[in-house]
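Asks: The sequence shown begins at 655 in the numbering used here and counts up by one.
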Amino acid sequence: MPAIVIIGGQWGDEGKGKIVDHLAERASMVVRFGGGNNAGHTVVIGDSVFKLHQVPAGILRPQVAAVLGSGMVINPPALVEELDALAARGISIGNLHISTNAHLVMPYHILFDELEERMRGNLAIGTTKRGIGPAYADKAARTGLRMQDLIDRERFARRVAQALKRVNLELTRVFGQRAITVEEIVSQYAPAAERLAPFVADTGLLVHDALRRGEVVLMEGAHATMLDIDFGTYPYVTSSSCSVGGACLGVGISPIMIKQIVGVIKVYTSRVGKGPFPTELTDETGDWIVERGHEYGTTTGRRRRCGWIDLVSLRYAARINGFTGIAVTRLDVLSGLQEVKLCIGYRLPDDTVTEHYPPDTNVLAQTTAIYETMPGWQDDISSARSWDDLPPQARAYCQRISDWLDVPMDLISVGAERSELVALHWPI
Ligand code: IMP
655 MPAIVIIGGQ
665 WGDEGKGKIV
675 DHLAERASMV
685 VRFGGGNNAG
695 HTVVIGDSVF
705 KLHQVPAGIL
715 RPQVAAVLGS
725 GMVINPPALV
735 EELDALAARG
745 ISIGNLHIST
755 NAHLVMPYHI
765 LFDELEERMR
775 GNLAIGTTKR
785 GIGPAYADKA
795 ARTGLRMQDL
805 IDRERFARRV
815 AQALKRVNLE
825 LTRVFGQRAI
835 TVEEIVSQYA
845 PAAERLAPFV
855 ADTGLLVHDA
865 LRRGEVVLME
875 GAHATMLDID
885 FGTYPYVTSS
895 SCSVGGACLG
905 VGISPIMIKQ
915 IVGVIKVYTS
925 RVGKGPFPTE
935 LTDETGDWIV
945 ERGHEYGTTT
955 GRRRRCGWID
965 LVSLRYAARI
975 NGFTGIAVTR
985 LDVLSGLQEV
995 KLCIGYRLPD
1005 DTVTEHYPPD
1015 TNVLAQTTAI
1025 YETMPGWQDD
1035 ISSARSWDDL
1045 PPQARAYCQR
1055 ISDWLDVPMD
1065 LISVGAERSE
1075 LVALHWPI
């Protein structure tokens, strides 16, 4: 039963979209298992750039069924907009399935995200303000609404009226905002409900049946391990389980069906929003990486914080997820540097040195990164298609990452375009 999970190893934006698109060539189904339109996956095919937010990258392969799993929180009007944009560009959306159990991002979730961030002041998380945290909070509080509620107009109105009892108290009394009416929400969501209804299904069963037929199913992680609600740099995290456990929770399959877990690792680190980042570069090398890597958010356009690769947190990510292989991405971005650095240890506030990621966020915020320096490479590597095409310094750098993590390399990405890839080993 070959289910393959693709997980971001850092703080997101590792280039998972491209890796999923590549692996989808041999898959029959791609399932997104968590998050919502806080994610942004970019796939470049020839001159066409596709920026996906809720729809799995598998949609770009005609033979692939694209599934929005039960672990997601879906913004229905935004999803319709995304589907319309894809259809307008000739991408078939006929093979799309949306879990009946996926939760909804409601207009008041987006409002609360904004208001709560403002209330946090200096301690703001730096969320994408897409309502993700409040939607997952409602899910856990058992006051959330799901796709199955949306597509039944009467049931939807009833559930909205119930939810608004608390929501309006909070909006008016805590935040001094005006109350929202049932009609407002119903009229805002009704067109999307009608459009999405034909796609709503028991996706857990669809996935299970595909796996029983022996088909390859990819489970597409969004965000990344260090943004995971349990294992990330809490509270500077997103609200979903974006490490491997989330794949079972957000799809509805057993862990024993997972054959491979591919960790997607960018050759430097980036982070949007606040929170500790031991290898952050605030000097001109950091600026150079931002500009060369076009490190601006796909979803919010925010400038990403950038720094050297952090093998301490990556070893932690490899442990949490049990990576069976890694996809090393954006190697081309580092071309042109005289030397490259890898963080191989942390100096803790008590002056001791560790190779282990400290789970205490305050301790992490006070660590100093300890680096190993390797020679850089100057050549343009975007035409490399095999290991031997890469300059020896670039090979040594990738090998060092793989050796340090004790995980073999499956792929190396050397450019944004679909074909700019060194495929070393098919994980399927
Ligand atoms: P939220 O997911 O909008 O609640 O944001 C929480 C934190 O996760 C913020 O620091 C966001 O910038 C970050 N975040 C959420 N999704 C992504 C992503 O797909 N890539 C990078 N950062 C993300």
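The beta carbon of each residue, even a glycine, is placed where N, CA and C say it ideally should be.
1) Inspect the CB distances between the stretch 936-943 and the stretch 1040-1058 and report whether three or more fall short of 8 Å.
2) Just to confirm, are residue 880 and residue 665 a CB contact at a threshold of 7 Å?
3) Taking C-alpha atoms, which residue in 1079, 1006 and 704 lies nearest to residue 741?
4) Less than 6 Å between C-beta atoms, sequence neighbours within five positions excluded: which residues of the same chain meet that for residue 981?
5) Can we say the stretch 847-855 touches the stretch 868-886, given the rule of at least three CB pairs closer than 8 Å?
6) For the putative contact between residue 1049 and residue 1041, defined by C-beta atoms under 8 Å, what is the C-beta separation to the nearest angstrom?
7) With 16 other CB atoms within 10 Å as the buried threshold, where does residue 932 fall?
8) Residue 878: buried (16+ other C-beta within 10 angstroms of its C-beta) or exposed?
9) Applying the criterion that 16 or more other CB atoms from any shown protein chain within 10 Å of the CB defines a buried residue, is residue 682 buried or exposed?
10) I need the boundaries of the beta strand (DSSP E) containing residue 1021, first residue and last residue.
11) On the criterion of 16 or more Cβ atoms from any shown chain inside 10 Å, does residue 659 qualify as buried, or is it exposed?
12) Hey, residue 686 and residue 737 are a contact pair by Cβ (cut 8 Å); roughly how many whole angstroms apart?
13) Could you tell me whether the Cβ atoms of residue 684 and residue 720 are closer together than 7 Å?
14) For residue 696, I'd like the list of residues in its chain whose CB is within less than 6 Å of its CB, leaving aside the five on either flank, ordered along the chain.
15) Quick one: does the C-beta of residue 803 sit closer than 6 Å to a heavy atom of ligand 1?
16) Skipping 5 residues on each side, what residues in its chain have a beta carbon closer than 7 Å to that of residue 862?
17) Do three or more CB pairs link the stretch 699-718 to the stretch 888-906 at distances below 8 Å?
18) Confirm the yes/no value for this check: CB of residue 692, any heavy atom of ligand 1, distance under 6 Å.
19) Flag this pair as yes or no: are the beta carbons of residue 870 and residue 1035 separated by less than 7 Å?
20) For residue 993, which residues in the same chain have their Cβ closer than 7 Å to its Cβ, ignoring the five residues on either side in sequence?
21) What are the boundary residues of the beta strand (DSSP E) that residue 920 is part of?
22) Out of 989, 1006 and 1010, point me to the one whose CA is closest to residue 998's CA.
23) Could you give the distance in angstroms between the alpha-carbon of residue 930 and the alpha-carbon of residue 961?
24) Looking only at C-alpha atoms, which of 995, 1017, 1000 and 984 sits nearest to residue 1038?
25) Hey, would you say residue 1061 sits closer than 7 Å to residue 971, going by beta carbons?
26) For the alpha helix (DSSP H) containing residue 674, name the first residue and the last one.
27) Check whether the Cβ atoms of residue 956 and residue 924 lie closer than 7 Å to each other.
28) Run the proximity test for residue 881: is its beta-carbon closer than 6 Å to any non-hydrogen atom belonging to ligand 1?
29) So the candidates are 948, 920, 899 and 889; which of them puts its Cα closest to the Cα of residue 927?
Replies: Looking at the coordinates:
1) No, the stretch 936-943 is not in contact with the stretch 1040-1058.
2) Contact: yes.
3) Relative to residue 741, the option among 1079, 1006 and 704 whose CA is nearest is 704.
4) Once the five neighbours on either side are set aside, the close Cβ partners of residue 981 are 673, 916, 918, 1064 and 1065.
5) No contact exists between the stretch 847-855 and the stretch 868-886.
6) Confirmed, about 7 Å.
7) Buried is the call here.
8) That one is buried.
9) Residue environment for residue 682: buried (at least 16 other C-beta atoms within 10 angstroms of its C-beta).
10) Counting along the chain, residue 1021 falls outside any beta strand (DSSP E), and DSSP gives it neither H nor E.
11) A buried status is given to residue 659, since no fewer than 16 other beta-carbon atoms sit within 10 Å of its beta-carbon.
12) 14 Å between Cβ atoms; not a contact.
13) By the CB criterion at 7 Å, residue 684 and residue 720 fall inside the cutoff.
14) Once the five neighbours on either side are set aside, the close Cβ partners of residue 696 are 671, 705 and 952.
15) No - ligand 1 has no heavy atom lying nearer than 6 Å to the Cβ of residue 803.
16) Excluding residues within five positions, the ones whose Cβ falls inside 7 Å are 907.
17) By the C-beta criterion, the stretch 699-718 is judged not to be in contact with the stretch 888-906, since fewer than 3 inter-stretch pairs fall below 8 Å.
18) Yes, Cβ of residue 692 sits closer than 6 Å to a heavy atom of ligand 1.
19) Cβ distance not < 7 Å, so residue 870 and residue 1035 don't count as in contact.
20) Within the same chain, residue 993 has close Cβ partners 1027, 1028, 1029 and 1030.
21) Its beta strand (DSSP E) spans residues 912-920.
22) Of the candidates 989, 1006 and 1010, 1010 places its Cα closest to the Cα of residue 998.
23) Whole-angstrom Cα-Cα distance: 12 Å.
24) Across the set 995, 1017, 1000 and 984, the C-alpha of 984 shows the shortest separation from the C-alpha of residue 1038.
25) No.
26) For residue 674, the enclosing alpha helix (DSSP H) stretches over residues 670-677.
27) No, the Cβ-Cβ distance between residue 956 and residue 924 is not below 7 Å.
28) Annotation for residue 881 indicates a beta carbon within 6 Å of some heavy atom of ligand 1.
29) Of the candidates 948, 920, 899 and 889, the one whose C-alpha sits nearest the C-alpha of residue 927 is 889.
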